[in-house]
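First comes the structure, then the notes that go with it.
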Amino acid sequence: MDLWYTEKHSDNVGITMKVSKSLFSGKSDFQQLDIVETLEYGKMMLLDGLVMVTERDEFIYHDMIVHPALFTHPCPKKVLVIGGGDGGSIREIMKHSSVEQAVLCEIDGLVIEKSIEFFPTIASEIDGSNPRVKLHVDDGLAYIREHQDEFDIILVDSTDPIGPAIGLFEQDFYNLVAGALKEDGIMVAQSESPFYHAKIQQAMFANLRAVFPIVEMYQAFIPTYPSGFWSFAFASKRYHPLHDFDKDRAKNRVFYTKYYNEDLHIGAFMLPTFARENIKP
Ligand code: AG3
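So the mapping is simple: the numbering used here equals the position in the sequence shown, first residue as 1, plus 103.
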């Protein structure tokens, strides 16, 4: 029997993958979590039916949510990830030796638990073995309210703005993030597909501009997300992702990155016209 999984990207289009088996299916207090084995992309995690990670292409998203900010900030020591319960962002952050502590604040403990069980290569730094990593199962808003003026970098590794992540796209939240950052802090948030989510981007970037002096969008090619054309918001109090970028430091990095590199860091900020228009001030 042929089993296929489809995530609908609109009423009339989606992505479909052939599945060999279902590994886990359950409902937490917050959302529906499914883990399936696909033939093309390896294991895949879905939240409320939306693709979060696959073993084959997760390196792209995780390289790109982490390294542009960590190679722009001159010396990131304390980094917070909001969401990101699979641990992929924390894994990449840990490659930066300047980082003394990384905190993961994920609202859904089930995502952490099942990622450790089914995605050991992604969750490799959140299984309790690394003393530089702290885990909090908590609402991101509640957490940052109590941790003001503390972080060099905050990464918002969220799902789409429906369900539990809805508040993570609003101006009140960005005000709290700005407060939780030090005076030269940087925030990066996943910012959906420029091709399908123009309205979300318009609102999100307007909210960010109301709070941060430097706001830029950059892109990455992520085959399993809607349209494959994905984006991130770079919002910063002092450092500009291109003008303050030390290309030699990125070039001389001592770890391997399968997607990110010092040239792509610059190229990722170059946007097609329609994407620029989505976020026009
Ligand atoms: N964050 C998910 C981005 C949103 C994907 N959207 C979708 N498939 N409709 C992924 C978490 C990875 N750490």
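Glycine included, C-beta positions come from ideal geometry on N, C-alpha and C.
Closest residue to residue i among the options (Cα-Cα distance)
| i | options | result |
| --- | --- | --- |
| Gly186 | Val236, Met373, Pro267, Arg356 | Pro267 |
| Lys237 | Lys181, Gly129, Phe377 | Lys181 |
| Phe222 | Thr157, Lys383, Ala281 | Thr157 |
| Phe133 | Ile265, Cys178, Glu140, Leu374 | Ile265 |
| Phe332 | Ala306, Ser232, Met167 | Met167 |
| Glu209 | Ala245, Thr224, Arg235 | Ala245 |
| Ile369 | Phe298, His343, Pro384 | His343 |
| Ala309 | Gln204, Leu150, Glu380, Gly117 | Glu380 |
| Ser123 | His112, Tyr144, Ser131 | Tyr144 |
| Glu161 | Leu173, Asn233, Ala323, Pro234 | Ala323 |
| Leu126 | Ser200, Phe372, Gln135, Val139 | Val139 |
| Leu153 | His170, Thr119, Ile317 | Thr119 |
| Tyr299 | Val280, Gly188, Ser330 | Ser330 |
| His346 | Asp105, Ala172, Met104, Lys130 | Ala172 |
| Phe337 | Asp211, Ala281, Ser128, Leu136 | Ala281 |
Any non-hydrogen atom of the ligand AG3 within 8 angstroms of residue i CB
| i | result |
| --- | --- |
| Pro326 | no |
| Val154 | yes |
| Gln293 | yes |
| Thr157 | no |
| Glu110 | yes |
| Gly282 | no |
| Thr262 | yes |
| Gly186 | yes |
| Asp347 | no |
| Asp189 | yes |
| Pro177 | no |
| Tyr86 | Absent from the model: residue 86. The displayed extent of the chain is 104 to 384, so no value can be given. |
| Glu273 | no |
| Pro329 | yes |
| Glu161 | yes |
| Ser192 | yes |
Whole-number beta carbon distance between residue j and residue i, since they are thought to touch under 8 angstroms
| i | j | result |
| --- | --- | --- |
| Ala313 | Gln274 | 6 angstroms |
| Ile215 | Ile225 | Not quite, the Cβ-Cβ distance comes to about 11 angstroms (not below 8 angstroms), so this is no contact. |
| Gln293 | Ser261 | 6 angstroms |
| Ile193 | Leu207 | 5 angstroms |
| Arg235 | Gln204 | 6 angstroms |
| Phe254 | Leu183 | 5 angstroms |
| Gly288 | Ile256 | 7 angstroms |
| Glu454 | Ala378 | In the structure as shown, the chain begins at 104 and stops at 384. Residue 454 is therefore absent and cannot be evaluated. |
Assigned exposure category for residue i - 16 Cβ within 10 Å defines buried
| i | result |
| --- | --- |
| Glu286 | exposed |
| Thr175 | buried |
| Asp114 | exposed |
| Met307 | buried |
| Lys302 | exposed |
| Ser339 | buried |
| Val202 | buried |
| Thr109 | exposed |
| Lys111 | exposed |
| Glu195 | buried |
| Ser200 | exposed |
| Phe358 | exposed |
| Thr141 | buried |
| Met104 | exposed |
| Thr327 | buried |
| Met155 | buried |
| Val116 | exposed |
Backbone secondary structure at residue i - three-state DSSP
| i | result |
| --- | --- |
| Met320 | strand |
| Ser218 | helix |
| Gln293 | strand |
| Glu273 | coil |
| Ile257 | strand |
| Phe162 | helix |
| Lys354 | helix |
| His176 | coil |
| Tyr328 | coil |
| Ser201 | coil |
| Phe127 | strand |
| Gly188 | coil |
| Asp366 | helix |
| Phe133 | coil |
Contact with chain C by residue i, beta-carbon distance below 9 angstroms
| i | result |
| --- | --- |
| Leu213 | The displayed structure is made up of one protein chain only, and chain C is not part of it. |
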